[in-house]
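According to mature numbering (1 follows the signal peptide of the UniProt record, and there is no 0), the stretch in the sequence shown is residues -19 to -1, 1 to 89, in order.
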Amino acid sequence: MHFRISVLTILALASSVLSQIPVAHCPGPVQCCGRHGSAEDPTILSMAQVLGVDIRGTPGTMIALNCNPITVTGQALSSCGETPVCCRENLLNGLINVGCVPVELNVG
């Protein structure tokens, strides 16, 4: 039974990381980041360790690096090289952000 719960939890986390949410549901500001991926990504893990941030306890969580807030939605479409995200936790002035999800931008 414990195994089933763990698998279901992992699947739920994975689907939440891959799906986009509307801007209105963001827990924080919409941000453009230099890179994002899972906490297990060797590059992201290495950068976090260099900066003294322990993200090893956050498997399956999207982490974003070098983020800046987007104040105008159109700016995201024209100048953001990665998919815009919003994150639960912003550390070190946007150098590392934890609990991120891609943002669905509906610009007409």
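No residue lacks a Cβ here, since even glycine has one placed at the ideal position from N, Cα and C.
Span of the beta strand (DSSP E) around residue i
i          : result
residue 1  : Where residue 1 is concerned, there is no enclosing beta strand (DSSP E), given that its DSSP letter is neither H nor E.
residue 34 : Residue 34 -> no beta strand (DSSP E), and no H or E assigned at all.
residue 18 : 11 to 19
Cβ distance (whole Å) where residue i is taken to contact residue j below 8 Å
i          : j          : result
residue 84 : residue 42 : Their Cβ separation, rounded to whole angstroms, is 16 Å, which puts residue 84 and residue 42 out of contact at 8 Å.
residue 8  : residue 61 : Actually they do not touch by this definition, with Cβ atoms about 19 Å apart.
Cβ shell of residue i (< 6 Å), same chain only, five flanking positions each side left out
i          : result
residue 48 : 12, 14, 75, 78
residue 10 : 50
residue 64 : 83
residue 38 : none
residue 18 : 25
Rounded separation between residue i and residue j - CA only
i           : j          : result
residue 46  : residue 25 : 8 Å
residue -19 : residue 40 : A caution first: residue -19 carries a pLDDT of 41, below 50, which makes its placement in the model unreliable, though a value can still be read off. Their backbone Cα atoms lie some 21 Å apart in a straight line.
residue 72  : residue -1 : 23 Å
residue 23  : residue 16 : 12 Å
residue 86  : residue 28 : 28 Å
residue 32  : residue 5  : 31 Å
residue 36  : residue 52 : 28 Å
residue 30  : residue 20 : 11 Å
Neighbourhood of residue i by C-beta distance below 8 Å, restricted to the same chain and skipping five residues each side
i          : result
residue 34 : 72, 73, 77
residue 44 : 17, 18, 19, 20, 22, 25, 29, 36, 77, 78, 79, 81
Cβ shell of residue i (< 7 Å), same chain only, five flanking positions each side left out
i          : result
residue 70 : 78, 79, 80
residue 3  : 85
Starting from the N-terminal side, write out each stretch of the alpha helix (DSSP H) that is 4 residues or longer and does not extend beyond the region 46 to 81. 54 to 60
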